[in-house]
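Following our numbering, the numbering of the sequence shown begins with 22 at its first residue and continues without gaps. Quick reminder that beta carbons are idealized off the backbone N, C-alpha and C, glycines included. Remember, it's a predicted structure, so these values are computed and weren't measured experimentally. Here is the structure we will look at.
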Amino acid sequence: MEVTKNQIISLEITGYTAEGSGVGHYQGMAVFVPLAAAGDRLQVKILKVAKSYAYGKIEKIISASGDRIPVDCPQFSRCGGCVFRHIAYEAELRAKQQRVEDALERIAGLCSVVLRPIVGAAEPNRYRNKAQLPIGLGTGGRITLGFYAAHSHRIIDCEECLLQPQEFTAAMKAFREWEAETHDSIYDEATGRGRLRHLFLRKAQTTGEVMACTVVNGNGVHDEEALADLLFEKVPGMKSCVINSNREKTNVILGSKFRTVRGEDSITDELCGLRFRISPQSFYQVNPRQAERLYALAGEYAGLTGNETVLDLYCGTGTIGLSMAKHAKQMIGVELVERAVEDAKKNAAENGIENAEFLCADAAKAADMLKNRGVRPDVVVLDPPRKGCDPALIGTVAEMAPVRVVYVSCDPATLARDIKTFSQLGYTPAEATPVDMFPRTAHVETVVLMSKKEN
Ligand code: SAH
22 MEVTKNQIIS LEITGYTAEG SGVGHYQGMA VFVPLAAAGD RLQVKILKVA
72 KSYAYGKIEK IISASGDRIP VDCPQFSRCG GCVFRHIAYE AELRAKQQRV
122 EDALERIAGL CSVVLRPIVG AAEPNRYRNK AQLPIGLGTG GRITLGFYAA
172 HSHRIIDCEE CLLQPQEFTA AMKAFREWEA ETHDSIYDEA TGRGRLRHLF
222 LRKAQTTGEV MACTVVNGNG VHDEEALADL LFEKVPGMKS CVINSNREKT
272 NVILGSKFRT VRGEDSITDE LCGLRFRISP QSFYQVNPRQ AERLYALAGE
322 YAGLTGNETV LDLYCGTGTI GLSMAKHAKQ MIGVELVERA VEDAKKNAAE
372 NGIENAEFLC ADAAKAADML KNRGVRPDVV VLDPPRKGCD PALIGTVAEM
422 APVRVVYVSC DPATLARDIK TFSQLGYTPA EATPVDMFPR TAHVETVVLM
472 SKKEN
C-alpha cells in the first residue's frame, strides 16, 4: 500500500534526522516528523510524499516518549532557532552521539574508531554571545524584533530568547522603549524604505562587556543620545553603542560604515587564556565556553611538544592555531576571508604570539603552495565549513605527510566522507569526540585524530 498525502498513519518515532525532526518507518518508508521525540507513538498526517520518504506532522500523541519535557519557550516551533526544546538535554546529547556514530559507521565504514562520549554543555541555555535581530513592522504599526522563522524572512517577535544572555533581553527591551518614544521609521525589505534594519548584540562572556550595534538604512537614528542613555542605563555591562550604515538592498546584515555613539569601539573577551578584541564585524566563536573545550581536545589530539610545525587550515580568526602556538615551534594559518585573516594577525600581535603567520588563500591552493615550498608540517588541523574538505586538499595534506591530522567538523556526514578519503591515503582514524557547541539546535561538532600509518 502506498502512503498518500493527507493520510493519517500510526507511527513510532525511532530516531532523528540531521535537521532534528523525528523519524519513523511506515511500510518501508522513512517518515520525517518535526517536533517528534524518539520513543513517541503518534498519529501523523502525511503532508508530502517523495520516492523513499515522506513528511508528516503530529496529529495526536498516542503515547509520549519518556524523553519529553514541557516546552519552556513560547516561540519554539515558530522561530528558526531551536529544534530540541521538547526533549531533555540528555536525550538530545544521546541523539547527537548517535548521529556521529551512524555517520562514521555508515559512510566511512569505521566500526573500529574509538568514539568517545559527547562533551555536553554545562549550561544548555544562554550560551550564545551574539544575536542579529531583524527589525520589522508588525500589526498596528508596531515594531517586531526577534528572529526569522525557519527558511523564511518572516520575523517572529520575541521578548526573550533562552539561548541568549539576560543582557540581550534587557537590550531588546530598552530598544523597544526607545523606538516607542522616537517612532523612528522601520526598514521594509520589499521597498527598501525606512531606517531601522537590525539590532546586533554581542557579549564578551568572560569580562561581561556588552556591545549594541544598530544597523540603519541611513547615517543615524532619531535621538541617538536617548538610545545610548537607555542602553547604558538598562543593560548591565554595556560598553559600546554603535551605529552601522547599510543602505544596500541586500540580505547582508552589516554595511561597511561604523560610528561609535557612546563608549568603546570594541569589547574584549578571553578564550583559552588569550585576549580577543571583538568589534561588530569580527569573526568570533558563538559559544566560547564550549569552544574552549573543543580547542582543548584539538590540542590534546595534536600532541604538541614544542618542536612542531602546525598548519591550521580554514583557520578563521586563528583561534585554534593561536591556542596551540605556544606549544609548537611554528604555526601557519590559512583562511579565505580577508577580514578574518586581518583579525587573526591582530589577535596574534595583541597576545604577543610571534611564531604564527597567516595566509589569506584557498586552503587547497595554499597547502599545495606550501608543499611545493618544502613546508612539512608535523600536525595539520582542518576545520572546514559544512561541505567539508576539497578532495585535492586531502591529497596534498597526505603528501605533506604530517604525523597527525586533527579534523574539526561541523557536519558528521562530510566528516565521515573525508575520513574515508584520508584512510585510503594512509591515515588511520584513531579517536573521535563529538562536542555539543550549540545545545537545543540540530548542530553537532566532532573532533577526530588521524595518525599516519607506520610503513
Ligand atoms: N577554525 C576557525 C573557523 C572555522 S569555520 C574557528 O575555530 O573559529 C571555517 C572557516 O573556513 C571559515 O572562516 C571560512 O571563511 C573558511 N573557509 C571556507 N572555505 C575556505 C577555503 N576554500 N579555503 C580557506 N578557508 C575557507
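Exercise for review: Find the nearest neighbour of Thr25 within the set Glu40, Tyr74, Arg268, judged by alpha-carbon distance.
Suggested key: Taking the first residue of the sequence shown as 1, we reach residue 25 at position 4. Closest by C-alpha distance to Thr25, out of Glu40, Tyr74, Arg268, is Tyr74.
Check your understanding: Buried or exposed: where does Thr160 fall if 16 or more other Cβ atoms within 10 Å of its Cβ makes it buried?
Key -> By one-based count along the sequence shown, residue 160 stands at place 139. So Thr160 counts as exposed.
Practice item. Note the first and the last residue of the continuous alpha helix (DSSP H) segment covering Glu363. Key: Residue 363 sits at position 342 when you count from the first residue of the sequence shown. Residues 359–371.
Review point. Quick one, are the C-beta atoms of Ala170 and Val256 less than 8 angstroms apart?
Key: Here residue 170 refers to the residue found at position 149 of the sequence shown. Here residue 256 refers to the residue found at position 235 of the sequence shown. Cβ atoms of Ala170 and Val256: not closer than 8 angstroms.
Point to revise | Gly141 vs Leu114 beta-carbon contact at 8 angstroms | key: Translated into the one-based positions of the sequence shown, residue 141 becomes position 120. Translated into the one-based positions of the sequence shown, residue 114 becomes position 93. Taking 8 angstroms as the Cβ cut-off, Gly141 and Leu114 qualify as a contacting pair.
Practice item. State yes or no: is the C-beta of Ala361 nearer than 7 angstroms to some heavy atom of the ligand SAH? Key: Taking the first residue of the sequence shown as 1, we reach residue 361 at position 340. It does: the Cβ of Ala361 is within 7 angstroms (strictly closer) of some heavy atom of the ligand SAH.
Review point. Can you pull the DSSP bridge partners for Asn265?
Key: Looking up residue 265 in the sequence shown gives position 244. Bridge partners of Asn265: Val236, Phe279.
Review point. DSSP on Val468, reduced to helix/strand/coil?
Key: As a working mapping, residue 468 is identified with position 447 in the sequence shown. Looking at Val468 - three-state DSSP - the assignment turns out to be strand.
Point to revise | N- and C-terminal bounds of the beta strand (DSSP E) containing Tyr47 | key: The residue you call residue 47 lines up with position 26 of the sequence shown. First-last of the beta strand (DSSP E) with Tyr47: 43–47.
Exercise for review: Could you check if Glu375 is buried or exposed, using at least 16 other CB atoms within 10 Å of its CB as the buried criterion?
Suggested key: Translated into positions along the sequence shown, residue 375 becomes position 354. The residue in question, Glu375, is exposed, as its Cβ has fewer than 16 Cβ neighbours within 10 Å.
**Study point:** Inter-residue spacing [alpha-carbon to alpha-carbon] between Trp199 and Leu251
**Key:** In the sequence shown, residue 199 corresponds to position 178, counting from 1. In the sequence shown, residue 251 corresponds to position 230, counting from 1. Roughly 7 angstroms separates the two Cα atoms.
Review point. Which residues mark the beginning and the end of the alpha helix (DSSP H) in which Leu295 is found?
Key: For the purposes of this step, residue 295 is taken as residue 274 along the sequence shown, with counting starting at 1. DSSP places Leu295 in no alpha helix (DSSP H) but in the uninterrupted beta strand (DSSP E) bounded by 295–299.
**Study point:** For Ser430, the nearest candidate out of Ala422, Pro423, Val424, Asp439 (CA to CA)
**Key:** If you number the sequence shown from 1, residue 430 lands on position 409. That would be Asp439, whose Cα lies nearest to the Cα of Ser430.
Point to revise | Spatial distance of His432 from Arg283 (CA atoms) | key: On the sequence shown, position 411 is the one that residue 432 refers to. On the sequence shown, position 262 is the one that residue 283 refers to. Reading off the sequence shown, one finds Asp at residue 432, where the question assumed His. Computed Cα separation, rounded: 40 angstroms.
Review point. Using DSSP with H/G/I as helix, E/B as strand and the rest coil, what is Phe443?
Key: Against the sequence shown, residue 443 aligns to sequence position 422. Here Phe443 sits in helix by DSSP.
Point to revise | Cβ-based neighbour list, Pro301, same chain, cut-off 8 angstroms, excluding 5 preceding and 5 following | key: If you number the sequence shown from 1, residue 301 lands on position 280. Correct list, in chain order: Phe221, Arg223, Met232, Cys234, Val263, Asn265, Leu275, Phe279.
**Study point:** Cβ distance (whole Å) where Thr442 is taken to contact Lys474 below 8 angstroms
**Key:** Numbered from its first residue, the sequence shown carries residue 442 at position 421. Numbered from its first residue, the sequence shown carries residue 474 at position 453. About 14 angstroms separates the beta carbons of Thr442 and Lys474, which is beyond the 8 angstroms limit, so they are not a contact pair.
Review point. I think Val236 touches Ala323, with their Cβ atoms under 8 angstroms apart; what is that distance to the nearest whole Å?
Key: Numbered from 1 along the sequence shown, position 215 holds the residue referred to as residue 236. Numbered from 1 along the sequence shown, position 302 holds the residue referred to as residue 323. Their Cβ separation, rounded to whole angstroms, is 39 angstroms, which puts Val236 and Ala323 out of contact at 8 angstroms.
Review point. Distance, Cα to Cα, Val134 vs Ala451?
Key: Counting from 1 along the sequence shown, the entry for residue 134 is found at position 113. Counting from 1 along the sequence shown, the entry for residue 451 is found at position 430. Cα to Cα, the separation comes out at about 6 angstroms.
Point to revise | For Leu63, the three-state DSSP class (helix, strand or coil) | key: Working through the sequence shown from its first residue, we reach residue 63 at position 42. Strand at Leu63.
Practice item. Taking only heavy atoms of the ligand SAH into account, decide whether any of them is closer than 7 angstroms to the Cβ of Cys336. Key: Mapped onto the sequence shown, residue 336 falls at position 315. Checking every heavy atom of the ligand SAH against the Cβ of Cys336, one is found closer than 7 angstroms.
Exercise for review: For Asn368, count neighbouring Cβ atoms within 10 angstroms of its own Cβ and tell me buried if that reaches 16, exposed if not.
Suggested key: Along the sequence shown, read from residue 1 onward, the residue named residue 368 stands at position 347. Counting Cβ neighbours within 10 Å, Asn368 comes out buried, since at least 16 surround it.
Point to revise | the ligand SAH heavy atom lying under 7 angstroms from the CB of Asp123 | key: Numbered from its first residue, the sequence shown carries residue 123 at position 102. Checking every heavy atom of the ligand SAH against the Cβ of Asp123, none is found closer than 7 angstroms.
Review point. Which whole-angstrom value describes the C-beta separation of Ile82 and Leu63, a residue pair presumed to lie in contact below a C-beta threshold of 8 angstroms?
Key: The sequence position of residue 82 within the sequence shown is 61, counting from 1. The sequence position of residue 63 within the sequence shown is 42, counting from 1. 6 angstroms between Cβ atoms; contact.
Check your understanding: What does a CB cutoff of less than 7 angstroms around Lys117 pick up in its chain, not counting 5 residues either side in sequence?
Key -> Mapped onto the sequence shown, residue 117 falls at position 96. So the qualifying residues of the chain are Ile139, Pro455, Asp457, Val465.
Check your understanding: Within this structure, are the beta carbons of Arg216 and Tyr208 separated by less than 8 angstroms?
Key -> Position 195 of the sequence shown, counted from the first residue, corresponds to residue 216. Position 187 of the sequence shown, counted from the first residue, corresponds to residue 208. For Arg216 and Tyr208, yes; Cβs fall inside 8 angstroms.
Review point. Out of curiosity, what's the CA-to-CA distance linking Val402 and Ile415?
Key: Counting from 1 along the sequence shown, the entry for residue 402 is found at position 381. Counting from 1 along the sequence shown, the entry for residue 415 is found at position 394. Cα-Cα distance, rounded: 12 angstroms.
Practice item. Verify the contact flag: Asp439, CB atom, against every heavy atom of the ligand SAH, threshold strictly below 7 angstroms. Key: On the sequence shown, position 418 is the one that residue 439 refers to. The answer is no for Asp439.
**Study point:** beta-carbon Phe459 near the ligand SAH non-hydrogen atom, thresh 7 angstroms
**Key:** Counted from its first residue, the sequence shown places residue 459 at position 438. No, since every heavy atom of the ligand SAH falls outside the 7 angstroms radius drawn around the Cβ of Phe459.
Review point. Which one of Asp178, Val307, Thr212, Asn150 has the shortest CA to CA distance from Gln187?
Key: On the sequence shown, residue 187 is found 166 positions in, with the first residue counted as 1. Of Asp178, Val307, Thr212, Asn150, the residue nearest in Cα terms is Asn150.
Exercise for review: Please report how far the alpha carbon of Ser29 lies from the alpha carbon of Val468, in whole angstroms.
Suggested key: Working through the sequence shown from its first residue, we reach residue 29 at position 8. Working through the sequence shown from its first residue, we reach residue 468 at position 447. In the sequence on display, residue 29 carries Ile and not Ser. Looking at the two C-alpha atoms, the distance is approximately 42 angstroms.
Exercise for review: Kindly indicate which residue of Phe97, Cys293, Phe379, Gln226 has the alpha-carbon position closest to the one of Cys179.
Suggested key: Working through the sequence shown from its first residue, we reach residue 179 at position 158. Of all alpha-carbon atoms in Phe97, Cys293, Phe379, Gln226, the one lying nearest the alpha-carbon of Cys179 is that of Phe97.
Review point. Residues in its own chain within less than 6 angstroms of Lys366 by CB, not counting five upstream and five downstream?
Key: For the purposes of this step, residue 366 is taken as the residue at position 345 of the sequence shown. Closer than 6 angstroms at the Cβ level, and outside the excluded window around Lys366, lie Phe379.
Check your understanding: Which one or two residues does DSSP pair with Ile415 in a beta bridge?
Key -> Taking the sequence shown and counting its residues from 1, the one referred to as residue 415 is at position 394. Answer is none; Ile415 lacks a bridge partner.
Review point. Considering only residues of the same chain and omitting the five flanking positions on each side of Ile353, which have a CB-CB separation below 6 angstroms?
Key: In the sequence shown, residue 353 corresponds to position 332, counting from 1. Hits under 6 angstroms: Leu332, Glu378.
Check your understanding: Taking C-alpha atoms, which residue in Lys270, Glu202, Val273, Ser277 lies nearest to His243?
Key -> For the purposes of this step, residue 243 is identified with residue 222 of the sequence shown, where counting begins at 1. With distances taken between Cα atoms, His243 lies closest to Glu202.
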